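Report on the following structure.
2 protein chains.
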Amino acid sequence: MRPATGSGFSAAERAAVYRAIGSRRDVRADFIGDTVPDDVLERVLAAANLAPSVGLSQPWRFIVVRDLASRRRVRAAFEAANASAAAAYTGEELERYARLTLQGILEAPVNICVVCDDDPQRGHGLGRQTMPETARYSTVCAIQNLWLAARVEGLGVGWVSIIDPRELRAIFAIPERLTIVAYLCVGYVRGFADEPDLLRAGWETVLPLSEVVDHERYTER
Amino acid sequence: MRPATGSGFSAAERAAVYRAIGSRRDVRADFIGDTVPDDVLERVLAAANLAPSVGLSQPWRFIVVRDLASRRRVRAAFEAANASAAAAYTGEELERYARLTLQGILEAPVNICVVCDDDPQRGHGLGRQTMPETARYSTVCAIQNLWLAARVEGLGVGWVSIIDPRELRAIFAIPERLTIVAYLCVGYVRGFADEPDLLRAGWETVLPLSEVVDHERYTER
Numbered sequence: 000m001r002p003a004t005g006s007g008f009s010a011a012e013r014a015a016v017y018r019a020i021g022s023r024r025d026v027r028a029d030f031i032g033d034t035v036p037d038d039v040l041e042r043v044l045a046a047a048n049l050a051p052s053v054g055l056s057q058p059w060r061f062i063v064v065r066d067l068a069s070r071r072r073v074r075a076a077f078e079a080a081n082a083s084a085a086a087a088y089t090g091e092e093l094e095r096y097a098r099l100t101l102q103g104i105l106e107a108p109v110n111i112c113v114v115c116d117d118d119p120q121r122g123h124g125l126g127r128q129t130m131p132e133t134a135r136y137s138t139v140c141a142i143q144n145l146w147l148a149a150r151v152e153g154l155g156v157g158w159v160s161i162i163d164p165r166e167l168r169a170i171f172a173i174p175e176r177l178t179i180v181a182y183l184c185v186g187y188v189r190g191f192a193d194e195p196d197l198l199r200a201g202w203e204t205v206l207p208l209s210e211v212v213d214h215e216r217y218t219e220r
Numbered sequence: 000m001r002p003a004t005g006s007g008f009s010a011a012e013r014a015a016v017y018r019a020i021g022s023r024r025d026v027r028a029d030f031i032g033d034t035v036p037d038d039v040l041e042r043v044l045a046a047a048n049l050a051p052s053v054g055l056s057q058p059w060r061f062i063v064v065r066d067l068a069s070r071r072r073v074r075a076a077f078e079a080a081n082a083s084a085a086a087a088y089t090g091e092e093l094e095r096y097a098r099l100t101l102q103g104i105l106e107a108p109v110n111i112c113v114v115c116d117d118d119p120q121r122g123h124g125l126g127r128q129t130m131p132e133t134a135r136y137s138t139v140c141a142i143q144n145l146w147l148a149a150r151v152e153g154l155g156v157g158w159v160s161i162i163d164p165r166e167l168r169a170i171f172a173i174p175e176r177l178t179i180v181a182y183l184c185v186g187y188v189r190g191f192a193d194e195p196d197l198l199r200a201g202w203e204t205v206l207p208l209s210e211v212v213d214h215e216r217y218t219e220r
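Residue numbers (numbering that gives the first Met the number 0), protein chains in the order written: chain P, 0 to 220; chain L, 0 to 220.
This is how it looks when you write it as C-alpha cells:
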C-alpha cells in the first residue's frame, strides 16, 4: 500500500483496520459462554457512542441484557418468528434453511437491544428536514462501530432480525416513541470463520466489488 | 488493555482500530482537492462491500461521481434544500446555523451516492420477514466501513443529508425501486479535527456513554 499522507496511521495500523473489517463475522454459533468483563464491554459500547450522528444527536440507546429470564423470553420470540419464516420455504431451500444456525441468544452471555429516537430533540433538527431517516442510520453506524470493536476484542456479534419487535418492546419496557433497530448476541467465540456462514452453508454467493460500483450514474445490470 | 484472547489482534493493532473509530470525523470543510487514486478508492469501496448484510444480500450500490457538471447540479439541490432548512431557525440559532459548513460537494473531488434495494432477490428473504428494514441497515453498515477505511487512508468523508432525494434520483438515473440512502463527499483533507465540528461550533454537546447505556430494561431519564 502506498503511504496515506496525513492519515496519521502507519501501514501496519491501516492493515489492522482493514483486517478488522475483513475478518468481522456475523456469529451465531461458536460462543463459548465466558463472561464478558465490564471494562471490555464498556470499550465496545464507547466505540458505538463515537459513531457519526445527524446533528450530533446521538439518538441511540443500548440496553445491555444479561438476565437469563429475559433472554429466554427473547429466545421464545425468536422460535415463534422463525417457525413463520421457515414456512416461506419449501423443498431443498427449506432443508438448507432448517440447517442454518440463526441466533445465539442463550449461548452468548450478553445480548444488546439497540433502540433509536427517530425524532430526537438533540441536534436541533439539523440534517433531518429532507432526510429524517438519518437518525435511524446514525444508530446503525453505531452498531457497525460496536461490531468492529468487538471483533478486535475477540467478541463475536450476531444480529438477530427474526424476532417480532413488539415482543422486544414488551420484554424491555421500550416506549412506543422509540424504534427497535437491532438485537445483538455478544460473547467470546472459539474463533472467527474465514468466510461468512451463509456462504459456507451454500445459502448465497458473494457479489464482487465490480457488481456493486457504478460510475457517474446508475447502471442497470 | 488486557489481551483479547483469541482475537488475533495485538494490543497495538487493537489500539489502531479504536483510534480509527475515535478520530473519524464528518468532514465538510478542509478538503484539499487532490485526486483520489483509483486503487485507494477501490480499497475503501471494498471495505464497504465487506459489511454485514441480511441474508448475505449485499443490497447496496455505490455510484462514484467525479463529473463536475453532476456535482454542480447536486450542489444546487443542496442550496435549495438548505434555504428551506434554514427557514426553520430564528435568532441566535439561525446565526449559528448560517455559520456552519454543511457540505463539500464541489470541494471534494469524489462524491458517492449510496443506494439500496430494499427488497433484494439475493439472500432469499432470510431475516427480512419480521424486520424488512434490515436491508437498508446493511447498506448503512457498509457506509460506516467505508468511512473508517477512508479515515486510515487520510480521506475525509462528509454525509450530506440536506438534499431532496428526488433530485439525486433524477441526476443519477436511479430507478424508483431503489432507495437513496446517502450522499457522501470524499477527498483528502488538511487534517482531522480533534472534536466533531458541531461540538466546536457550539451547536450540540456530546452525550457521555453513561447516558446511552441501560441495563436489563429501558430506563426513562
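We put the beta carbon where it would ideally sit given N, CA and C, even for glycine. Just so you know, these numbers come straight off a predicted model, no measurement behind them.
A residue is called buried when at least 16 other Cβ atoms come within 10 angstroms of its Cβ; L:Arg98 does not meet this threshold and is exposed. Contact between P:Phe77 and P:Gly155 does not hold, since the beta-carbon distance rounds to 17 angstroms and is not under 8 angstroms. Using a CB distance cut-off of 8 angstroms, L:Gly122 counts as an interface residue toward chain P.
Exclusion of the five residues before and after L:Ala141 leaves Ala47, Ala50, Trp59 as the residues of its chain whose Cβ lies within less than 6 angstroms of its Cβ.
Put simply, the segment 125-141 of chain P does not touch the segment 65-83 of chain P. Fewer than three CB pairs are less than 8 angstroms apart. Under the Cβ distance rule, L:Phe171 counts among the residues neighbouring chain P, one pair being separated by less than 8 angstroms. Neighbourhood of L:Ala82 in chain P, by CB distance below 7 angstroms: empty, with the nearest CB roughly 11 angstroms away. For L:Thr129, the number of other beta carbons within 10 angstroms of its own is at least 16, and it is reported as buried. For P:Ala47, the enclosing alpha helix (DSSP H) starts and ends at 37-48. Proximity of the segment 10-23 of chain L to the segment 144-161 of chain P meets the contact definition, three or more beta-carbon pairs being nearer than 8 angstroms. A Cβ-Cβ contact shorter than 8 angstroms links P:Thr138 with P:Cys115. In the three-state reduction of the DSSP assignment, P:Ala181 falls in the strand class. The three-state reading of DSSP puts L:Arg70 in helix, counting H, G and I together. The three-state reading of DSSP puts L:Arg27 in coil, since its state is none of H, G, I, E or B.
The three-state secondary structure of L:Arg150, taken from DSSP, is helix. Within the segment 176-189 of chain P, Leu177, Val180, Ala181, Tyr187, Val188, Arg189 place their CB atoms closer than 8 angstroms to a CB of chain L, listed in sequence order. Annotation: L:Asn110 has no Cβ neighbours in chain P at a cutoff of 9 angstroms; minimum Cβ distance is about 10 angstroms. Here P:Asp213 carries a strand assignment [DSSP, helix/strand/coil]. Remark: fewer than three beta-carbon pairs, one from each stretch, lie closer than 8 angstroms, so the segment 187-194 of chain L and the segment 208-216 of chain L are not flagged as touching. The beta carbon of P:Pro164 sits closer than 7 angstroms to the beta carbons of Ile179 from its chain, once the five residues preceding and following it are set aside; these are given in chain order. Chain-ordered, the chain L residues with CB closer than 8 angstroms to the CB of P:Asp163 read Thr129.
The Cβ atoms of P:Ile161 and P:Asn81 lie closer than 8 angstroms to each other. For P:Arg60, the residues of chain L that pass the 8 angstroms Cβ criterion are Val211, Val212, Asp213, Tyr217, in the order they occur in the chain.
Only residues of its own chain outside the window of five on either side were considered, and among them Asp25, Ala181, Leu183 have a CB closer than 7 angstroms to the CB of P:Trp158, listed in chain order. In the three-state reduction of the DSSP assignment, P:Ile170 falls in the helix class.
Annotation for P:Ala107: Phe30, Cys184, Val185, Gly186 place their beta carbon closer than 6 angstroms to its own, counting only its chain and skipping 5 residues before and after. Put simply, the backbone Cα of L:Arg168 is about 8 angstroms away from that of L:Glu175. Here P:Asp193 is exposed, its C-beta having fewer than 16 other C-beta atoms within 10 Å.
Sequence-ordered contacts of the segment 12-26 of chain L with chain P read Glu12, Arg13, Ala14, Ala15, Val16, Tyr17, Arg18, Ala19, Ile20, Gly21, Ser22, Arg23, Arg24, Asp25 [C-beta pairs closer than 9 angstroms].
Taking 9 angstroms as the Cβ-Cβ cut-off, the segment 63-75 of chain P approaches chain L at Val63, Val64, Arg65, Asp66, Ser69, given in chain order.
Contact between L:Leu55 and P:Leu67 fails: their C-beta atoms lie close to 31 angstroms from each other, not under 8 angstroms. For P:Ile111, the enclosing beta strand (DSSP E) has its first and last residue at 109-116. Inclusion of P:Ile20 and P:Leu147 in the CB contact set at 8 angstroms is warranted, their separation being smaller than that value. Counting other Cβ atoms within 10 Å of its Cβ, L:Ser209 stays below 16 and is therefore classed as exposed. Here P:Gly90 is exposed: its Cβ has fewer than 16 other Cβ atoms, across all protein chains shown, within 10 Å.
For L:Glu166, the closest C-alpha among the options L:Ser69, L:Asp118, L:Gly5 is that of L:Ser69.
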